[in-house]
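Heads up: the structure comes next, in structure tokens.
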Amino acid sequence: MQRHDQTVWNDTDVDGYEPLLSEKGLKEVEIDSALPDDLTRDSLELPELSEPELARHYTRLSQMNYGIDSGPYPLGSCTMKYNPKFTEDVAALPAVSVHPDRDAESIQGTLQVFAELQEYLADIGGMDVVTLQPPAGAAGEFTGIMVAKAYHEYNDEGEQRDEVVVPASAHGTNFASAAMAGYDMVELPPGSDGRVDLDALSAAVGDSTAALMLTNPNTLGLFERDIERIADIVHEAGGLLYYDGANLNALLGRARPGDMGFDVMHFNLHKTFATPHGGGGPGAGPIGVTEDLEAFLPTPQVRERDGQYDLVEPEHTIGKVHGAMGNWLVLLKAHAYISRLGDSGLRDTSEKAVLNANYLASQIDLEIPFGPFHHEFVASAGERDAADVAKRMLDYGVHPPTTKWPEIVQEALMTEPTEAESKTSLDQLADAFNAVNEEGEQTLAEAPENTSARRIDQTSAARNPRLSWHSLDS
Amino acid sequence: MTIPPDSIDVDQVHRDDTSDGTPFAPHDDSEVEEMLAAVGVDTVEELFDIPESVRFEESFDIDGVSEQRVRQRLRETVEQNEDYTEFLGRGHNSHYVPSIVDHISLRSEFLTSYTQYQPEITQGFLQALFEYQSVIAELTGLDVANCSMYDAATALGEAATLADRSRRADGNRVLVPDYMRDTHRDVLENYVEGAELVVEAFDTENGQVNPETLENELSEDVVLIYVENPTIEGVIEENLTEIGELSDAYGALYCIGSDPVALSLLQSPGSVGADMVVGDASVLGLSTAYGMGLGMFACDEEFLRQVPGRLVGASEDSDGTRAFTLTLQTREQHIRRERATSNICTNQAWVALRTAIHAASLGPSGLVSLAEKCHRLPERVAAELDEIDGVSAPVRDCHHFREFKARVEPDARELAADLREEGIAIHALGSDEIQISITDVNEHRTDDFVQAITEVMN
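The listed protein sequences correspond, in order, to chains F and B. Take any residue in the first sequence, note its place counting from 1, add 1257, and you have its number in the working numbering. Take any residue in the second sequence, note its place counting from 1, add 1200, and you have its number in the working numbering.
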């Protein structure tokens, strides 16, 4: 991770970084095919390296990368928790790899895993039915909103209900997903306690409202205590209530979106159910719905009847949101994780996640508005630049929190330690926060100094985009 | 693997061994006490600010069991899948994934990291993604590749909305070939619904686009023309350049669906005038995985500010050393929200890493020879099938890649069912056609396959 590690393997004439594959050896191959020349390319130029050289290249790259196995990763709203190793072995079983067009009778094992996971998630979310098709959380949001749209259209209110209401502090994906589904956005200003303001909500919803998208606990780590009132207000206006599952880890086994009045929700399996985030994906974003919305779910749906598993098409299906059935390997890992934990493990997860968030908040010297916190909290860097604070935290060997969001807290540092951190590592995190808090502006501005790269120039990267090795000078 | 033989009753041995909570939280009781005291509460329950009326006090009836038991149970479950040699394709194809791909990609610094929000400590993944983008740019002949979409179908959906945002003239028609996979068209229709685009299928002839037929469908209100190469039937399109000229003439954007193995050999989309390329890049790096994929997306530099998803760019750090970072993030949902170029946050980055490793391990020579094999094998097998009474192959009189259709009598579905008895899976298309995909993964069984069909037909 640290700079000195890299100098140890500096075995080429390229100074200070691991060379690109293209710098290690490009080869141009002329195409000589049995196909006619006008159907083929002339040549192909790509790196040509031996397996030992490749193994070393990628091993070095891995050493220049920080994961949850490297240290604390308290990236707020991302739920970066420890991923147990055995789930990878399950996902690597030969029988797992089947073609998506196989007939249902010949893949009863895969479909059984689907059916069981649908059932697990329906129970955990308090929803009636679950589809596993959306391949990520935002894809789940899009799917959920499309299902809501189909429901309103079926009830002849499709034209009239053209707005989706979202709190200002919500995930940016909520806005983008609803806009993608063709909705106009109505932004809900926050209440003074960081929660939904019921008067503002009443003013925002009406005959045009298709849905309210809500995260609970919200992105400030606060439980929306008035959730039943919120549900009533939205339902009385004829809208649907959408649950953004990004923060479900805080509620596992303690409260269920379905019981709070939510009509549709997505799960982030890569967050709550400990499937590795893989450098940014794959994830999986199943959605759960009440029985009123079941007919509109994506096709196909896995159904069990007399111990046999079938693929069926929901009556008024919205169609498909993924070319096949979503990210099957991620679904399998989540199934393995849930069956490992069981009831007591799920419940203990939320207990430890919430304890860790509150303990860490109690150990940090910065201003932390609101509370009590569910699995995350938002500290304020005050007059300092939260991005600078984050860069300096890197020098203390930890991943910093999410910065500058939500914008309703000045220079926000959104922190989610998860249940997987020990008291010792929480203390290390708090020490990093507090040490940086004592340091001068100059130190912050020049940070980081101990990492494999120093502060990276984002502006020139955007102004002069170089997006492949073809665009580099060297 | 340390799974015990089935004769051991693991339920008995490992019963309820997680009844004390999660094994993945490192706290002991005294630490919990200290932490509660620091927070100033007596119990964790006090921290849950949830109204009584919505508290969940029941059980899910999910029994936590040991890791050993979970592994055995899931192994037994998935092994209920029939073990067929698959000759299935139609857009979901599989190639042998070298061991180095698993061993390197499963290194936990890669696997357990997230989106590279702090580039100073994620240079390794950023560089790997930059290299992936570079490989895709070379294969497509286009300037800009992003570092993943979910799959081929969702990538096409994004391509259509990009066309809608980028094209100056008014219009709302997206033209796709009639051979296009239904499932992918269905995804496309969902993706473009919000933008109020209309997807229309145009007729093809002998499995290929006829530019004259296509031109009859064209008008100034077409935003996107999509074709595939190879097509879902394995046909190599012969008129890609003419289609590019037509799309230029009518001001539509031109998108080609393909994959990295095919692109190693076939005409580069950039050279035939394509504005965008989509497809499934996980043909390198991942097996069929029940259709889990890696959406490839590349386009001309002209559309840079409209590209959906994440981009990695080269930059410098404060020492002047080359470094990589996510760039042009002002397009993304966390900044532009409802005006973002897509809603993608979590993508398929780890699969892209696997694809890059697989591509690098083959190198250009290996890729080209794999692709050449994907052309030669199906043509050879088609010729062998054509010798069998009652089989005529290939149906399409043209060049093929990986796949081809064959006409059979009396009944394709019965033939497919009979072959399943022999442990072989093929597509039956209606009552009189089958489709077969042949790659390096199933080539060792092509003789068995031809023999099985011979026996069944006789």
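Note that the Cβ used here is the ideal one computed from N, Cα and C, for glycine as well. Everything numeric in this text was worked out from a predicted model, so none of it was measured.
- Item | chain B contact for F:Tyr1274 (CB, 8 Å cutoff) | Taking the first sequence and counting its residues from 1, the one referred to as residue 1274 of chain F is at position 17. So yes, F:Tyr1274 belongs to the interface.
- Backbone secondary structure at F:Ile1713 - three-state DSSP: In the first sequence, counting from the first residue as 1, residue 1713 of chain F sits at position 456. Of the three classes helix, strand and coil, the one that applies to F:Ile1713 here is strand, per DSSP.
- Message: According to DSSP, is F:Pro1514 part of a helix, a strand, or is it coil?
- Response: Taking the first sequence and counting its residues from 1, the one referred to as residue 1514 of chain F is at position 257. Three-state DSSP puts F:Pro1514 in a helix.
- Taking C-beta to C-beta, are F:Asn1584 and F:Pro1657 nearer than 8 Å? As a first step, residue 1584 of chain F is located in the first sequence; it is residue number 327 there, counting from the start. As a first step, residue 1657 of chain F is located in the first sequence; it is residue number 400 there, counting from the start. F:Asn1584 is not a Cβ neighbour of F:Pro1657, given a cutoff of 8 Å.
- According to the neighbour-count rule (16 or more other Cβ atoms, all chains shown, within 10 Å of its Cβ), is F:Asn1506 buried or exposed? If you number the first sequence from 1, residue 1506 of chain F lands on position 249. Per the 10 Å Cβ criterion, buried.
- Query: Mind pulling the chain F residues with CB within less than 7 Å of B:Gln1635?
  - Reply: Reading the second sequence from its first residue, position 435 is the one you call residue 1635 of chain B. Correct list: empty, because the minimum Cβ distance to chain F is about 10 Å.
- Message: Which same chain residues end up closer than 6 Å to F:Ala1393 when comparing Cβ atoms and leaving out the 5 residues on each side of it in sequence?
- Response: Within the first sequence, the letter at position 136 stands for residue 1393 of chain F. Excluding residues within five positions, the ones whose Cβ falls inside 6 Å are Gly1540 and Gly1542.
- Message: Am I right that F:Thr1672 and F:Leu1617 are in contact with their C-beta atoms under 8 Å? What's the rounded C-beta distance?
- Response: Position 415 of the first sequence, counting from 1, holds the residue named residue 1672 of chain F. Position 360 of the first sequence, counting from 1, holds the residue named residue 1617 of chain F. F:Leu1617 and F:Thr1672 do touch by the CB rule: their CB atoms are close to 7 Å apart, below 8 Å.
- List the DSSP bridge partners of B:Gln1408. The residue labelled residue 1408 of chain B in the question sits at position 208 within the second sequence. Beta-bridge pairing by DSSP links B:Gln1408 to B:Glu1405.
- Mind checking which residues open and close the beta strand (DSSP E) that includes F:Leu1303? For this step, residue 1303 of chain F is matched to residue 46 along the first sequence. Going by DSSP, F:Leu1303 is part of the beta strand (DSSP E) stretching over Ser1300 to Pro1304.
- Query: Thinking just about the alpha-carbon of each residue, which of B:Met1476, B:Thr1488 and B:Phe1649 is nearest to the one in F:Leu1359?
  - Reply: Sequence index remark: in the first sequence, residue 1359 of chain F carries index 102 (1-based). Sequence inspection shows Arg at residue 1359 of chain F; the Leu mentioned does not correspond to that position. For F:Arg1359, the closest C-alpha among the options B:Met1476, B:Thr1488 and B:Phe1649 is that of B:Thr1488.
- Message: Is the beta carbon of B:Ala1628 closer than 8 Å to that of B:Ala1652?
- Response: On the second sequence, position 452 is the one that residue 1652 of chain B refers to. On the second sequence, position 428 is the one that residue 1628 of chain B refers to. In this structure, the beta-carbon distance from B:Ala1652 to B:Ala1628 does not fall below 8 Å.
- Message: Could you tell me the alpha carbon to alpha carbon distance between F:Ala1531 and B:Pro1578, rounded to whole angstroms?
- Response: Counting from 1 along the first sequence, the entry for residue 1531 of chain F is found at position 274. Counting from 1 along the second sequence, the entry for residue 1578 of chain B is found at position 378. A straight line joining the alpha-carbon of F:Ala1531 with that of B:Pro1578 spans about 42 Å.
- Is there contact between the region 1384 to 1392 of chain B and the region 1570 to 1590 of chain B, where contact requires at least three CB pairs shorter than 8 Å? The count of Cβ pairs closer than 8 Å, one atom from the region 1384 to 1392 of chain B and one from the region 1570 to 1590 of chain B, stays below three, leaving the stretches out of contact.
- Message: Just to confirm my understanding: we take F:Ala1718, look at its own chain, exclude 5 residues before and 5 after, and list those with CB closer than 8 Å. What are they?
- Response: Residue mapping note: residue 1718 of chain F aligns to position 461 of the first sequence, counting from 1. Nothing listed; no residue qualifies.
- Output yes if chain F places a C-beta closer than 8 Å to the C-beta of B:His1227; else output no. Here residue 1227 of chain B is taken as the residue at index 27 of the second sequence, counted from 1. Closer than 8 Å to some Cβ of chain F, the Cβ of B:His1227 qualifies, so yes.
- Find the nearest neighbour of B:Ala1616 within the set F:Ser1319, F:Ser1363 and F:Leu1350, judged by alpha-carbon distance. In the second sequence, counting from the first residue as 1, residue 1616 of chain B sits at position 416. Nearest option by C-alpha distance: F:Ser1363.
- Report yes or no: is there a C-beta of chain B within less than 8 Å of the C-beta of F:Arg1418? As a position in the first sequence, residue 1418 of chain F is number 161, starting the count at 1. Any Cβ of chain B closer than 8 Å to the Cβ of F:Arg1418 would place that residue at the interface, and such an atom is absent.
- Under 8 Å between C-beta atoms of F:Gly1536 and F:Met1522: On the first sequence, position 279 is the one that residue 1536 of chain F refers to. On the first sequence, position 265 is the one that residue 1522 of chain F refers to. No, these two residues do not count as a Cβ contact at 8 Å.
- Query: Looking at the C-beta of F:Phe1343, does it have a partner C-beta in chain B at a distance below 8 Å?
  - Reply: Taking the first sequence and counting its residues from 1, one reaches residue 1343 of chain F at position 86. With 8 Å as the cut-off, F:Phe1343 counts as an interface residue toward chain B.
- Would B:Phe1604 count as contacting chain F if we go by Cβ distances under 8 Å? Residue 1604 of chain B sits at position 404 when you count from the first residue of the second sequence. Not an interface residue.
- Query: What number of angstroms, rounded off, separates the C-alpha of B:Val1344 from the C-alpha of F:Ala1710?
  - Reply: Position 144 of the second sequence, counted from the first residue, corresponds to residue 1344 of chain B. Position 453 of the first sequence, counted from the first residue, corresponds to residue 1710 of chain F. Rounded to the nearest angstrom, the two C-alpha atoms are 25 Å apart.
- Task: Keeping to the same chain, check which residues put their C-beta closer than 8 Å to that of F:Val1611; ignore five residues upstream and five downstream.
- Result: In the first sequence, the residue the question calls residue 1611 of chain F occupies position 354. A distance below 8 Å between beta-carbons, with the five flanking residues on each side excluded, links F:Val1611 to the following residues of its chain, in chain order: Ala1507, Phe1630, His1631 and His1632.
- Residue-chain proximity (F:Ile1364, chain B), Cβ-Cβ < 8 Å: Residue 1364 of chain F sits at position 107 when you count from the first residue of the first sequence. With 8 Å as the cut-off, F:Ile1364 counts as an interface residue toward chain B.
- In terms of alpha-carbon separation, which member of B:Glu1501, B:Ile1636, B:Asp1378 and B:Met1349 lies closest to B:Glu1405? Taking the second sequence and counting its residues from 1, the one referred to as residue 1405 of chain B is at position 205. It is B:Asp1378 whose Cα lies nearest to the Cα of B:Glu1405.
- Message: Comparing C-alpha positions only, which one of F:Ser1607, F:Val1559 and F:Met1470 sits nearest to F:Arg1511?
- Response: Taking the first sequence and counting its residues from 1, the one referred to as residue 1511 of chain F is at position 254. Nearest Cα to F:Arg1511 within the set F:Ser1607, F:Val1559 and F:Met1470: F:Ser1607.
- Task: Compare the beta carbon distance of F:Asp1454 and F:Thr1472 with 8 Å and say whether it is the shorter of the two.
- Result: Start at 1 with the first residue of the first sequence, and residue 1454 of chain F comes out as number 197. Start at 1 with the first residue of the first sequence, and residue 1472 of chain F comes out as number 215. Note that the C-beta distance between F:Asp1454 and F:Thr1472 is not below 8 Å.
- Message: Assuming F:Tyr1500 is part of the beta strand (DSSP E), what are its boundary residues?
- Response: The residue given as residue 1500 of chain F occupies position 243 in the first sequence. For F:Tyr1500, the enclosing beta strand (DSSP E) covers residues Leu1497 to Asp1501.
- Query: Could you give the distance in angstroms between the alpha-carbon of F:Arg1513 and the alpha-carbon of F:Gly1382?
  - Reply: Translated into the one-based positions of the first sequence, residue 1513 of chain F becomes position 256. Translated into the one-based positions of the first sequence, residue 1382 of chain F becomes position 125. For F:Arg1513 and F:Gly1382, the distance between alpha carbons rounds to 5 Å.
- Message: Please identify, using Cβ separations under 9 Å, the residues of the region 1442 to 1460 of chain B that lie next to chain F, in order along the chain.
- Response: Within the region 1442 to 1460 of chain B, no residue has its Cβ closer than 9 Å to any Cβ of chain F.
- Which residue or residues does DSSP assign as beta-bridge partners of F:Asn1322? Along the first sequence, one-based indexing puts residue 1322 of chain F at 65. BP columns for F:Asn1322 point to B:Thr1322.
- Which residue or residues does DSSP assign as beta-bridge partners of B:Thr1285? Position 85 of the second sequence, counted from the start, is the residue given in the question as residue 1285 of chain B. Beta-bridge partners assigned by DSSP to B:Thr1285: B:Ile1624.
- Message: For F:Glu1373 and F:Ile1595, I'd like the C-alpha separation in whole angstroms.
- Response: Residue mapping note: residue 1373 of chain F aligns to position 116 of the first sequence, counting from 1. Residue mapping note: residue 1595 of chain F aligns to position 338 of the first sequence, counting from 1. The straight-line gap separating the alpha-carbon atoms of F:Glu1373 and F:Ile1595 is approximately 10 Å.
- Message: Taking 8 Å as the limit between beta carbons, can you name the residues of its chain near B:Asn1281, skipping five residues before and five after?
- Response: Residue mapping note: residue 1281 of chain B aligns to position 81 of the second sequence, counting from 1. If we look at B:Asn1281 and ignore the five residues flanking it on each side, it has no Cβ neighbours.
- Message: Rounding to the nearest angstrom, what Cα-Cα distance links B:Gly1394 and F:Val1578 in this structure?
- Response: The count along the second sequence starts at 1 and reaches residue 1394 of chain B at position 194. The count along the first sequence starts at 1 and reaches residue 1578 of chain F at position 321. Rounded to whole angstroms, the separation of the alpha carbons of F:Val1578 and B:Gly1394 is 14 Å.
- How would you label B:Gly1491, buried or exposed, when you count the other beta carbons within 10 angstroms and need 16 or more for buried? In the second sequence, counting from the first residue as 1, residue 1491 of chain B sits at position 291. Looking at its Cβ environment, which holds 16 or more other Cβ atoms inside 10 Å, B:Gly1491 is buried.
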